[in-house]
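Q: Residues in the sequence shown are numbered consecutively from 1, following the UniProt record's numbering.
Note that beta-carbon positions come from the ideal geometry of N, C-alpha and C, so glycine has one too.
Here the structure is a predicted model, which means the values were calculated and not measured.
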Amino acid sequence: MEPENTSEGRLVKGLAVFAGIVAIFVIILLLGFRTVDAGEVAVVTRFGAVTGRILEPGAHFITPFVEGTKYINTKFLLYETMKESDLKQSKSNYKETQVDTNTKDGQRVDLFYTIRFSIDPKTATWVVQNFGSEQTLVDNIVRAESRSKARIIPSDFSAEDLYVGEGKQKVADALFKGLKDKFAENGIRLDTVLVRELGFTEQYVQAIESKQIAAVQVETEKNKAEQAKYQKEQRITQAEGQAQEQKLQRETISAELLQKMLIEKWDGHYPAYLILGQSGDFILPLPAK
């Protein structure tokens with residue numbers, strides 16, 4: 001008798017079929033199981049079309065073979081411009097070479113800036129529907145818009161305005177203002193714009209520094225002149241005060257005070273000679289006492 005025709009054979013065959021069904025069921029469950037990590041969301045699609053359902057961080061189940069997911073990073077991301085030599089060692093999420101442009105007075109300037117942003121989880125469905133992925137969103141909006149604005153903004157300022165004072169902050173503020181609404185329209189939260197450096201040509205830097213040194217020297221000489229003028233005025237004021245004091249003393253000295261002063265100065269000896277005549281032609285000795 002064949003083994004499969006026995007009761008034992010039928011049991012083995014049944015168990016194998018059951019095990020196969022369980023295995024298929026488990027595979028289906030695994031195919032439909034999704035985990036979403038903190039700092040991301042998953043957009044559910046059905047046969048490639050966006051359903052509008054968003055999976056928050058945690059464990060979820062979708063319909064296998066029918067539904068799929070596209071993950072969107074909602075953590076803060078960095079886009080930076082830098083020198084080509086720094087690209088490999090940078091830890092930014094997205095990086096590119098600096099933007100070169102010109103100031104209002106025609107000076108070349110390189111912009112090195114950082115943009116800190118994140119994708120709004122609430123707009124993840126719209127982002128997937130219109131851009132498909134985070135990379136495409138960054139390329140089409142963050143990269144394209146920021147580099148375009150960065151080339152335009154310096155033309156509103158002279159090179160000296162950007163080189164001295166708060167030039168970097170002025171450009172950063174203008175860049176933030178120019179990008180905020182555009183980012184929001186495309187589901188991006190703009191957090192910070194930082195202009196790390198405004199790079200000018202070596203010739204211009206030398207010229208502007210020479211000008212600053214000259215200005216400092218002029219200011220120094222001006223301060224010296226002001227100090228000399230003040231000292232002169234102080235001496236004049238002091239002399240005038242002394243003259244006024246002497247005049248006041250002369251006006252207030254009485255005859256009695258003069259006599260008192262003469263007595264205080266007298267050494268106890270009487271005059272030894274008498275001078276006669278207006279011209280002092282005759283001098284007679286006085287008898288000693």
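Take the Cβ of Leu77 as the centre, count every other Cβ of all protein chains shown within 10 Å, and call the residue buried at 16 or more, exposed below.
A: Result: buried.
Q: Would the beta-carbon of Thr97 fall within 9 angstroms of that of Arg196?
A: No, they are not a contact pair.
Q: If you draw a straight line from the C-alpha of Val171 to the C-alpha of Ser158, how long is it?
A: C-alpha separation (whole angstroms): 12 angstroms.
Q: What does a CB cutoff of less than 6 angstroms around Tyr94 pick up in its chain, not counting 5 residues either side in sequence?
A: Closer than 6 angstroms at Cβ, skipping near neighbours: Tyr79 and Val138.
Q: Check Thr63 in the structure and name its three-state DSSP category.
A: Residue state, collapsed to three classes: coil.
Q: Can you tell which of Gly52, Asp110 and Arg151 has the C-alpha that lies nearest to the C-alpha of Pro121?
A: That would be Gly52, whose Cα lies nearest to the Cα of Pro121.
Q: Can you tell me which of Ala38, Phe47 and Asp191 puts its alpha carbon nearest to the alpha carbon of Leu55?
A: Checked all of Ala38, Phe47 and Asp191; the closest Cα to Leu55 is Ala38.
Q: Take Gly187 as the anchor and find which of Glu166, Gln231, Leu175 and Thr136 has the nearest alpha-carbon.
A: Among Glu166, Gln231, Leu175 and Thr136, the Cα nearest to that of Gly187 belongs to Thr136.
Q: DSSP puts Ser35 in a beta bridge; with which residues?
A: As written in the sequence, residue 35 is Thr, which differs from the Ser given in the question. DSSP lists Ala59 as partners of Thr35.
Q: Can you tell which of Phe65, Glu67, Val66 and Thr74 has its C-alpha closest to the C-alpha of Pro57?
A: Of Phe65, Glu67, Val66 and Thr74, the residue nearest in Cα terms is Thr74.
Q: Per the contact definition of three or more C-beta pairs closer than 8 angstroms, is the stretch 31-50 in contact with the stretch 121-132?
A: Yes, they touch.
Q: Give the secondary structure of Leu137 by DSSP, where H, G and I count as helix, E and B as strand, and everything else as coil.
A: In the structure shown, Leu137 sits in a helix (DSSP, three-state: H, G or I).
Q: Any idea what DSSP makes of Asp191, helix, strand or coil?
A: It is a strand residue.
Q: DSSP state of Glu166, grouped into three classes?
A: Here Glu166 sits in coil by DSSP.
Q: How is the alpha helix (DSSP H) around Arg151 delimited, first residue to last?
A: Ala144 to Ile152 is the span of the alpha helix (DSSP H), which, as asked, contains Arg151.
Q: Alpha carbon to alpha carbon, what distance is there between Lys88 and Arg143?
A: Between Arg143 and Lys88, the C-alpha separation is close to 18 angstroms.
Q: Check this for me: beta carbons of Asp100 and Asp86, under 9 angstroms apart or not?
A: No.
Q: Counting only the same chain and skipping the five closest in sequence on each side, list residues whose C-beta sits under 7 angstroms from that of Asn63.
A: Strictly speaking, residue 63 in this sequence is Thr, with Asn absent from that position. Excluding positions up to five away in sequence, the list reads Gly32.
Q: Please report the residue range of the beta strand (DSSP E) in which Asn102 lies.
A: Taken as a continuous stretch (DSSP letters only), the beta strand (DSSP E) holding Asn102 covers Val99 to Asn102.
Q: For Phe176, collect the residues of the same chain with a Cβ closer than 6 angstroms to its Cβ; drop the 5 residues on either side in sequence, then sort them by chain order.
A: Hits under 6 angstroms: Val193.
Q: For Gly48, name the three-state secondary structure that DSSP assigns.
A: In this structure, Gly48 counts as coil in the three-state DSSP scheme.
Q: Return the chain-ordered list of same chain residues with a C-beta closer than 6 angstroms to the C-beta of Gly178, the five sequence neighbours on each side being excluded.
A: Excluding sequence neighbours, Gly178 sits near Lys149.
Q: So, at 8 angstroms on beta carbons, what are the nonlocal neighbours of Met1 in its own chain, with the 5 sequence-adjacent residues on each side left out?
A: Residue confidence is low: Met1 scores 46 on pLDDT, short of 50, so the model does not pin down where it sits. Its coordinate-derived value is still stated next. Here the set comprises nothing.
Q: Measure the C-alpha to C-alpha separation of Lys247 and Asp161 and round it to an integer number of angstroms.
A: About 59 angstroms.
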